[in-house]
Amino acid sequence: MKKKAVVNNTPVCQVRMQAISDTMSILSGKWKFHILGTLIEGDQLGFMDLLREIEGIGSKMLSKELQDLESNHLISRTVKDTKPITVKYAITKHGKTLTPVIDELAKWGIAYRQSVHG
Numbered sequence: 001m002k003k004k005a006v007v008n009n010t011p012v013c014q015v016r017m018q019a020i021s022d023t024m025s026i027l028s029g030k031w032k033f034h035i036l037g038t039l040i041e042g043d044q045l046g047f048m049d050l051l052r053e054i055e056g057i058g059s060k061m062l063s064k065e066l067q068d069l070e071s072n073h074l075i076s077r078t079v080k081d082t083k084p085i086t087v088k089y090a091i092t093k094h095g096k097t098l099t100p101v102i103d104e105l106a107k108w109g110i111a112y113r114q115s116v117h118g
């Protein structure tokens with residue numbers, strides 16, 4: 001028999017929990033915040049620029065994460081008809097709405113590191 005929820009049984013709470021779940025689904029993974037933060041700071045960057053900037057990420061993983069972020073309208077991909085073809089990635093207007101979230105996560109991380117690791 002399934003237990004009945006006590007805390008999140010109001011409609012407002014259920015909407016909030018669904019929104020959190022949706023957000024976590026879109027931004028899940030080790031690299032998405034790194035990519036978004038790099039693009040927020042770096043304006044338009046090419047694939048190899050991102051690969052150099054984000055320490056530890058592999059090219060296959062970067063490609064997958066960029067596709068996910070693009071499909072969720074958080075970044076844009078621009079292909080320029082040059083020889084060789086140039087691809088640039090940039091944060092979208094919608095993606096920029098995550099700037100305060102990323103800033104707060106960074107502040108929290110700095111405070112946490114100082115409190116735990118001195």
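If you count the sequence shown from 1, position 28 lands on 28 in UniProt numbering, and the numbers rise without skipping. Yeah, the Cβ is synthetic: ideal placement off N, Cα and C, and Gly gets one too.
Between A19 and T82, the alpha-carbon positions lie close to 41 angstroms from each other. Between Y89 and L45, the CB-CB gap stays under 8 angstroms. Secondary structure at G46: strand, using DSSP grouped into helix, strand and coil.
Contact between I75 and I91 is confirmed by a C-beta separation of about 6 angstroms, below the 8 angstroms threshold. If you ignore the 5 residues before and after K80, its C-beta comes within less than 6 angstroms of the C-beta of T86, all in its own chain and listed in chain order.
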